[in-house]
Amino acid sequence: MAYRKLGRDNKHRRSMLANQVKDVIMNERITTTETRAKEVRKFVDKMITYGKNGSLVSRRQALAFLQNDTEAVTKVFNELAPRYKERNGGYTRILKTEERRGDNALMVILELVK
212 MAYRKLGRDN KHRRSMLANQ VKDVIMNERI TTTETRAKEV RKFVDKMITY
262 GKNGSLVSRR QALAFLQNDT EAVTKVFNEL APRYKERNGG YTRILKTEER
312 RGDNALMVIL ELVK
């Protein structure tokens, strides 16, 4: 599977993605650049799919990716997974906003679909 390096080494990239996934799960929306949002979306969808599965193995995989943040994992398994039980993927939406001052990067809002 191809992925974006986002100008960071492996550990920094993985940590950054995990933190942004946690923010999306807890706040249900974040503002970030388009390339980061496209990368984060994959992992948010994967976490919700783990929640829909609901097994102990899925919970441990989610905990491992989210750096043992039990609050975020609990929200995925208890709130988000039941909300999307009838939906087969596509749990997030990307809304384009404006370009960032300074480097002109395209900013977007990444949010969970209601």
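In terms of our numbering, the sequence shown opens at residue 212 and continues consecutively.
Using N, Cα and C, we set each Cβ at its ideal position, and we do this for glycine too.
Tell me the rounded alpha-carbon separation between Ser-226 and Asn-289.
24 angstroms
Cα-Cα separation, Lys-307 to Arg-247:
13 angstroms
In angstroms with no decimal places, state the Cα-to-Cα distance between Gln-272 and His-223.
19 angstroms
Tell me, to the nearest whole angstrom, how far the beta carbon of Asp-256 is from that of Gly-300; I am working on the premise that it is less than 8 angstroms.
6 angstroms
Which residues does DSSP list as the beta-bridge partners of Ile-320?
Thr-242 and Leu-306
Residue range of the unbroken alpha helix (DSSP H) whose run includes Leu-274:
267-276
With respect to the alpha helix (DSSP H) encompassing Lys-216, which residues constitute its N-terminal and C-terminal limits?
It is not in any alpha helix (DSSP H) - Lys-216 carries neither H nor E in the DSSP assignment.
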